[in-house]
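K.L.:
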Amino acid sequence: GRPKGVVLSHGNLSSMVSGMIKNWEWTSRDAILHVLPLHHLHGIVNVLLTPLTCGATCVMEPKFDARRVWHLLTSPIIPHLDRSINVS
Numbered sequence: 001g002r003p004k005g006v007v008l009s010h011g012n013l014s015s016m017v018s019g020m021i022k023n024w025e026w027t028s029r030d031a032i033l034h035v036l037p038l039h040h041l042h043g044i045v046n047v048l049l050t051p052l053t054c055g056a057t058c059v060m061e062p063k064f065d066a067r068r069v070w071h072l073l074t075s076p077i078i079p080h081l082d083r084s085i086n087v088s
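Numbering-wise (the UniProt record's numbering), the sequence shown opens with residue 1 and increments by one.
Dropping the structure here:
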């Protein structure tokens with residue numbers, strides 16, 4: 001069949017990013033570790049566009065590797081990284 005997808009405008013993305021910054025209280029002092037695929041909305045909006053829009057740090061990993069992620073989460077390599085886990 002035909003591929004399924006949702007077309008999002010720049011306005012849609014901007015609105016989602018603004019909401020994330022406001023509701024999650026993102027600031028330029030925040031940092032996030034990005035291991036999600038960029039073809040998924042969560043990876044694009046929550047973990048890439050939101051921190052970059054507010055000037056936060058976004059550390060990109062090329063793929064998910066549990067040992068590497070654990071190393072990054074348990075070491076001071078990434079400044080200002082909140083070691084809590086957000087579940088949404």
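Note that the Cβ used here is the ideal one computed from N, Cα and C, for glycine as well.
Values in this document were obtained by computation on a predicted structure and should not be read as measured data.
1) Going by Cα to Cα distance, which pick from Ala66, Leu13, Ser75, Pro62 is closest to His42?
2) Please classify Ile32: is it buried, with 16 or more other beta-carbons within 10 angstroms of its beta-carbon, or exposed?
3) Would Met16 and His34 be called neighbours here (beta carbons separated by less than 8 Å)?
4) Which word fits Val6, buried or exposed, when buried means at least 16 other C-beta atoms lie within 10 angstroms of its C-beta?
5) Since residue 89 contacts Thr57 with CB under 8 Å, what's their CB separation in whole angstroms?
P.N.:
Once the coordinates are examined:
1) Leu13
2) buried
3) no
4) exposed
5) A question about residue 89 goes unanswered here, because the residues of the chain that appear run from 1 up to 88.
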